[in-house]
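First comes the structure, then the notes that go with it.
In this note's numbering, the protein residues as written are 57 to 143.
Have a look at this one:
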């Protein structure tokens, strides 16, 4: 994976985590408001659904980033087979 691809993956992870953070914040605000205002419960449910979508996207992005790190490690691992360490 090129450095440009790695940066793009990191940006994608950052965007999805920011989206998740905003969705969670909205969810908690609406949940607290729904305790006092029953009409806010539907909005709180919608916010929960959005937070779950954002969580799923964040998980997908993080898993993709992890796979790319694993691949980088595999590709850059020294090849020990066939090497002699005679001193």
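Built from N, CA and C at the ideal position, the CB exists for glycine as well. Remember, predicted model here, so these are calculated numbers, not experimental data.
Residue i to residue j span [Cα, whole Å]
i	j	result
residue 79	residue 98	15 Å
residue 128	residue 67	18 Å
residue 94	residue 121	41 Å
residue 85	residue 109	18 Å
residue 96	residue 87	8 Å
residue 131	residue 104	40 Å
residue 71	residue 81	15 Å
residue 100	residue 133	48 Å
residue 65	residue 89	36 Å
Reduced DSSP secondary structure (H/G/I, E/B, other) of residue i
i	result
residue 82	helix
residue 11	This structure cannot settle anything about residue 11, because the visible part of the chain is limited to 57 through 143.
CB of residue i within 7 Å of CB of residue j, strictly
i	j	result
residue 69	residue 125	no
residue 83	residue 107	yes
Is it a yes or a no for the region 60–77 touching the region 107–121, going by three-plus beta-carbon pairs under 8 Å?
They touch, by the three-pair rule.
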